[in-house]
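Student:
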Amino acid sequence: MMSQYTQIGKIVATFGTKGEVIVQHSLGKKSTLKNVEAIFIEITKGNYIPYFISSVKAKNITESWIKLEGVDNKEMAHKLISKKVWLTEEDFRKQVAKQAAIKLLDYTIIDNKTVIGSVQKVIEQPHQILLSTLYNNNEALIPLNEATLLKINHTKKEIHVQLPDGLLEIYS
4 MMSQYTQIGK IVATFGTKGE VIVQHSLGKK STLKNVEAIF IEITKGNYIP YFISSVKAKN
64 ITESWIKLEG VDNKEMAHKL ISKKVWLTEE DFRKQVAKQA AIKLLDYTII DNKTVIGSVQ
124 KVIEQPHQIL LSTLYNNNEA LIPLNEATLL KINHTKKEIH VQLPDGLLEI YS
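Under our numbering, the first residue of the sequence shown carries the number 4, and numbering increases by one thereafter.
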């Protein structure tokens, strides 16, 4: 994750003949990206290009149809399929639902009063959420479910967990 941008999803398909794209996102609510002027598309790794938004229609809580300025036909839109979509940090905070898991990015994970690390990535699965963090210079995946989650303090940006014995040792 870049410091000033947050990845919200990716372009999964084209729609229609005028260059519309379908963005699959993890904002946690139906979104028309109200008051967002541009999304950033990662064309190559670490290379974020702003695309100005002409219009957005919310399809459901995980997908939006977006018409981008300068993307005027299906062929141009097709080149954007599978590309990651980012928002500025400021736009992300305004758009994300309060209960969306992606909102936990940069929160500090604490196990038994010990700081494990900050959330680098959020991976949503059917029965749990995995939080990716750096622990002893290795990527550690911390499960967040009924058994492990103690509390989340949104004011302090802290996630308090009780991890199974031995889980962190596999990352040492």
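For every residue, glycine included, the Cβ atom is placed at its ideal position computed from N, Cα and C.
Throw me the rounded Cβ distance for the residue 25 and residue 68 pair, which I believe falls under 8 Å.
Tutor: 6 Å
Student: What's the gap between the Cα of residue 102 and the Cα of residue 7?
Tutor: 22 Å
Student: Compute the Euclidean distance between the alpha carbons of residue 66 and residue 29, then round it to the nearest angstrom.
Tutor: 9 Å
Student: Specify, as a first and last residue, the run of the beta strand (DSSP E) that residue 163 falls within.
Tutor: 161-164
Student: Between the C-alpha atoms of residue 21 and residue 55, what's the straight-line distance to the nearest angstrom?
Tutor: Rounded to whole angstroms, residue 21 and residue 55 show a C-alpha spacing of 15 Å.
Student: Taking the alpha-carbon positions, what's the residue 111 to residue 167 distance?
Tutor: 18 Å
Student: To the nearest angstrom, report how far apart residue 4 and residue 19 are at their CA atoms.
Tutor: Because residue 4 carries a pLDDT of 43, less than 50, the predicted location of this residue cannot be relied on, and no value is offered for it.
Student: Determine, using beta-carbon pairs with one atom in the region 155-165 and one in the region 134-147, whether at least three such pairs fall under 8 Å.
Tutor: yes
Student: From the DSSP secondary-structure annotation, give me the bridge partner or partners of residue 53.
Tutor: 43
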